[in-house]
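Okay, structure first, notes after.
Numbering (our numbering), first residue to last: 108 to 206.
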């Protein structure tokens with residue numbers, strides 16, 4: 108996934124992302140809602156740990172983005188566990204104060 112251009116503290120460059128929107132939405136809109144991943148693990152409260160091809164990563168669940176997946180050349184690489192997805196959803200709910 109290509110996250111450029113970026114500004115400030117946003118993640119930039121080519122990096123993996125966790126898609127959190129359903130395929131039905133993604134297909135109809137050519138957009139996807141996702142969170143970038145990073146190998147720089149800082150211990151922030153909104154990080155969710157996982158491994159990508161054997162390398163420790165974190166999902167940056169406080170950097171939710173809506174992106175054009177076709178224009179950004181997104182490619183499906185893997186599927187995360189229900190536990191990881193549940194943790195990401197819980198952190199997004201807490202961030203957005205969704206009951």
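Glycine included, C-beta positions come from ideal geometry on N, C-alpha and C.
- If you compare the alpha carbons of 123, 145, 174 and 121 with that of residue 134, the shortest gap goes to 174.
- The residue from 142, 180 and 159 with its alpha-carbon nearest to that of residue 125 is 142.
- DSSP links residue 156 through a beta bridge to 165.
- By the CB criterion at 8 angstroms, residue 168 and residue 153 fall inside the cutoff.
- Here the alpha carbon of residue 176 sits roughly 12 angstroms from the alpha carbon of residue 128.
- Scanning 120, 184, 206 and 202 for the CA closest to the CA of residue 145 turns up 120.
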